[in-house]
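The structure appears right after this line, and notes come after that.
Protein chains in written order, with the working numbering: chain A, 1 to 226; chain R, 227 to 708.
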């Protein structure tokens, strides 16, 4: 299978079709979007690919991690956070910027650490261990959540939950279905590895929640009476 | 397994294992799961539609909620633990149960005690201590049955034909000893009538004793007891020894040492000494190490047994239970940190945390164990593997949805009722905040319905597996060894 993804860092524009070149040039038209339309093909392509981790990080992950903080910054500046009470919670611009930067850093760390963790687990489960493949796997799996984060433009907690829960379930489905294909292992081994990753991701999610609350109580974020 | 090799004791005629009480306990556990979770569903619905108590006291939230917690923890959980302890202690000791009639007494006595206790809660008898609501007549009955449980369990270990005591028995043993100690001390009270008593402790001391009990009931029953289940049934499922037996022993002793100190984290910012709160927090953080040591041991054990997943639906439940065990044992210490606890305490985040453990860890591992155990007790295959697989996805979806709904509700609550206005007054009233939680509670109800649908499938599947069959007789091996 020829294509920009397979060639990774050794991409030669002259050998690729026009479509492939366009897709490789525009991060938001790239193969993770296919996870929404045709995930089987996306994972099958990845199973034969050798993406370069540095390229993956700078051309894909950084951009994907930027979207949710950008949405939340715009949404909370315009509307304020609606937690169910009558009045929305409005925060000053500098605090919103700080929260946005923190969110971006946390997401970037989450992307990279999940990929590194996945690669670390690979030897236990007999899977491919090229870091670039794990970066690509994580970006495909995270894509539904990143897209659903557009709901941050209207920061109402419950509405955000309603939008993000189906996206999360879709990401879980992609992880369980795609991991064994992309990493070239049996479905049963893939199920075990995916479950181990789910455990780590749940811990990461609740850790982020705890970190956020700890920041609030230490003066970063909304003013609370403690 | 080197640690379980024969120690050269003289062999005695062994008879057959006493498994009929195990079958009875497993089936009772399933009935309690149905009753307890149905009560949970009803109280979840009452938080959305408060009028469905129809003005009846016994249908009120306060009474049904205690019935829910008691039925699932002591009915479902303890029946499962008692049954699996009786099953595994015989097989790890290569002898039938000591005092089998006493084992039947434990089985029947526990069910009757829980049934009468549940009815007393509906009637409004309540000692006013969380997870220890039953009044003094039931406290005495529980203590008697529990001591009989100890006699059967440790009597079986005493007459074992294998010198080393397998690690699952250490955990089950700790469950029995520590719960007896906690229950007896915390239940010390002065009765003023059949249905009312007052705690022997008062004020802050009462609170400290209560949460020494409350947290260690979570620790030694819902964690330690179920780790006993894990350490026996996971290697059996996987058909391979535990990844590191040495690590399991280290985890046991460090777990036992660290857990008992962690209770005061339930009383942060309360009228107990500051240093007691801080000690509780530090020991809760220390607890992460032994908890995760067991998780790593479990994950590595099952990692080499992936081929079993092709034929064994039960193993999936255990794999997933380890993931939720990892989550719950991380989340607990994190929520004990005072700067997190100040927001999370008294919110639905705590309810979400409890259910990530109760549904994701306790229920999942029990379901996996029952799917493994009942066919072996009956000597027949599981009625439907397909139904078990459907149950797995329902359990996963229900648990995830429940946790997410409570995270959203809890963080919102914490933030809202700490919010101050320009003049330093609280911005929102408690009533208004609770009214705004209705959508989250509806989501939680949906999660509960999904999870309960899975439990109905389990009950049907196990009932059809057991129907028309009797527990088969199994003799201990003639040679020693696990």
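Backbone N, C-alpha and C fix where the C-beta goes; we use that ideal spot for every residue, glycine too.
Residue i to residue j span [Cα, whole Å]
i: residue 266 of chain R; j: residue 39 of chain A; result: 38 Å
i: residue 44 of chain A; j: residue 388 of chain R; result: 52 Å
i: residue 469 of chain R; j: residue 316 of chain R; result: 23 Å
i: residue 487 of chain R; j: residue 572 of chain R; result: 21 Å
i: residue 358 of chain R; j: residue 509 of chain R; result: 24 Å
i: residue 132 of chain A; j: residue 114 of chain A; result: 12 Å
i: residue 308 of chain R; j: residue 143 of chain A; result: 46 Å
i: residue 523 of chain R; j: residue 473 of chain R; result: 7 Å
i: residue 67 of chain A; j: residue 53 of chain A; result: 20 Å
i: residue 213 of chain A; j: residue 418 of chain R; result: 45 Å
i: residue 423 of chain R; j: residue 290 of chain R; result: 21 Å
i: residue 156 of chain A; j: residue 162 of chain A; result: 10 Å
i: residue 385 of chain R; j: residue 313 of chain R; result: 15 Å
i: residue 598 of chain R; j: residue 592 of chain R; result: 10 Å
i: residue 223 of chain A; j: residue 110 of chain A; result: 27 Å
i: residue 375 of chain R; j: residue 189 of chain A; result: 40 Å
i: residue 576 of chain R; j: residue 517 of chain R; result: 19 Å
i: residue 230 of chain R; j: residue 318 of chain R; result: Caution applies to residue 230 of chain R, whose pLDDT of 40 falls short of 50 and renders its modelled position unreliable; the value that the coordinates give is listed next. If I take the Cα positions, the gap works out to 8 Å.
i: residue 81 of chain A; j: residue 91 of chain A; result: 9 Å
i: residue 172 of chain A; j: residue 433 of chain R; result: 42 Å
i: residue 691 of chain R; j: residue 466 of chain R; result: 26 Å
i: residue 311 of chain R; j: residue 123 of chain A; result: 36 Å
i: residue 579 of chain R; j: residue 553 of chain R; result: 9 Å
i: residue 7 of chain A; j: residue 59 of chain A; result: Caution is warranted here: a pLDDT of 40 is assigned to residue 7 of chain A, below 50, making its placement in the model unreliable, and the coordinate value is therefore given only provisionally. Taking the straight line from one Cα to the other gives about 15 Å.
i: residue 526 of chain R; j: residue 134 of chain A; result: 21 Å
i: residue 380 of chain R; j: residue 390 of chain R; result: 14 Å
i: residue 335 of chain R; j: residue 426 of chain R; result: 27 Å
i: residue 563 of chain R; j: residue 673 of chain R; result: 28 Å
i: residue 261 of chain R; j: residue 294 of chain R; result: 8 Å
Whole-angstrom C-beta distance between residue j and residue i, which should lie under 8 Å
i: residue 250 of chain R; j: residue 333 of chain R; result: 5 Å
i: residue 255 of chain R; j: residue 329 of chain R; result: About 15 Å separates the two Cβ atoms, so there is no contact after all.
i: residue 227 of chain A; j: residue 128 of chain A; result: Here chain A comprises residues numbered 1 to 226, so residue 227 of chain A is not present and cannot be evaluated.
i: residue 695 of chain R; j: residue 606 of chain R; result: 6 Å
i: residue 595 of chain R; j: residue 459 of chain R; result: 5 Å
i: residue 140 of chain A; j: residue 174 of chain A; result: 6 Å
i: residue 343 of chain R; j: residue 401 of chain R; result: Actually they do not touch by this definition, with Cβ atoms about 20 Å apart.
With 16 other Cβ atoms within 10 Å as the buried cut-off, status of residue i
i: residue 125 of chain A; result: buried
i: residue 284 of chain R; result: exposed
i: residue 298 of chain R; result: buried
i: residue 345 of chain R; result: exposed
i: residue 365 of chain R; result: buried
i: residue 537 of chain R; result: exposed
i: residue 288 of chain R; result: exposed
i: residue 242 of chain R; result: exposed
i: residue 542 of chain R; result: buried
i: residue 501 of chain R; result: exposed
i: residue 650 of chain R; result: exposed
i: residue 220 of chain A; result: exposed
i: residue 105 of chain A; result: exposed
i: residue 22 of chain A; result: In this prediction, residue 22 of chain A has a pLDDT of 45, which is less than 50 and means its spatial position is unreliable; what the coordinates show is noted afterwards. It is exposed - the Cβ of residue 22 of chain A has fewer than 16 other Cβ atoms within 10 Å.
i: residue 159 of chain A; result: exposed
i: residue 533 of chain R; result: exposed
i: residue 431 of chain R; result: exposed
i: residue 42 of chain A; result: buried
i: residue 612 of chain R; result: exposed
i: residue 414 of chain R; result: exposed
i: residue 361 of chain R; result: buried
**Prompt:** Taking a cut of 8 Å between CB atoms, which residues from the region 654-688 of chain R lie near chain A?
**Reply:** 654, 658, 659, 662, 663, 665, 666, 669
**Message:** To be precise: take each residue of the region 526-538 of chain R, compare its Cβ to all Cβ atoms of chain A, and keep it if any distance is under 7 Å. Which residues remain?
**Reply:** 528, 529, 532, 533, 535, 536
**Message:** I want to know whether the region 562-569 of chain R touches the region 611-630 of chain R - three or more CB-CB distances under 8 Å.
**Reply:** no
**Request:** Select from the region 564-589 of chain R all residues with a C-beta closer than 7 Å to any C-beta belonging to chain A, and list them in chain order.
**Result:** 565, 566, 568, 569, 570
**Message:** Across the region 143-153 of chain A and the region 167-175 of chain A, are there enough close Cβ pairs to call them in contact, namely three or more that are closer than 8 Å?
**Reply:** yes
**Request:** Return the residues of the region 165-193 of chain A that lie within a Cβ-Cβ distance of less than 9 Å from chain R, sorted by chain order.
**Result:** 165, 168, 169, 172, 185, 186, 187, 188, 189, 190, 191, 192, 193
**Message:** With three or more C-beta pairs closer than 8 Å as the rule, is the region 268-281 of chain R touching the region 349-358 of chain R?
**Reply:** no
**Message:** With a threshold of 8 Å, are at least 3 pairs of Cβ atoms found where one atom belongs to the region 545-555 of chain R and the other to the region 182-202 of chain A?
**Reply:** yes
**Message:** For the region 94-111 of chain A against the region 170-182 of chain A, do three or more pairs of beta-carbon atoms, one drawn from each stretch, fall closer than 8 Å, so that the two count as touching?
**Reply:** no
**Request:** Could you tell me whether the region 378-398 of chain R touches the region 475-489 of chain R, where touching means 3 or more Cβ pairs closer than 8 Å?
**Result:** yes
**Message:** Under 8 Å: do the region 400-413 of chain R and the region 422-440 of chain R share three or more Cβ pairs, one atom per stretch?
**Reply:** yes
**Request:** Examine the Cβ distances between the region 205-223 of chain A and the region 626-641 of chain R and report whether three or more of them are shorter than 8 Å.
**Result:** yes
**Message:** Give me the subset of the region 112-125 of chain A whose CB atoms are less than 8 Å from a CB atom of chain R, sorted by chain position.
**Reply:** 124, 125
**Item:** Residues, ordered as in the chain, of the region 140-161 of chain A that lie near chain R by beta-carbon distance below 7 Å
**Value:** 157, 158, 161
**Message:** To be precise: take each residue of the region 545-556 of chain R, compare its Cβ to all Cβ atoms of chain A, and keep it if any distance is under 9 Å. Which residues remain?
**Reply:** 545, 546, 548, 549, 550, 551, 552, 553, 556
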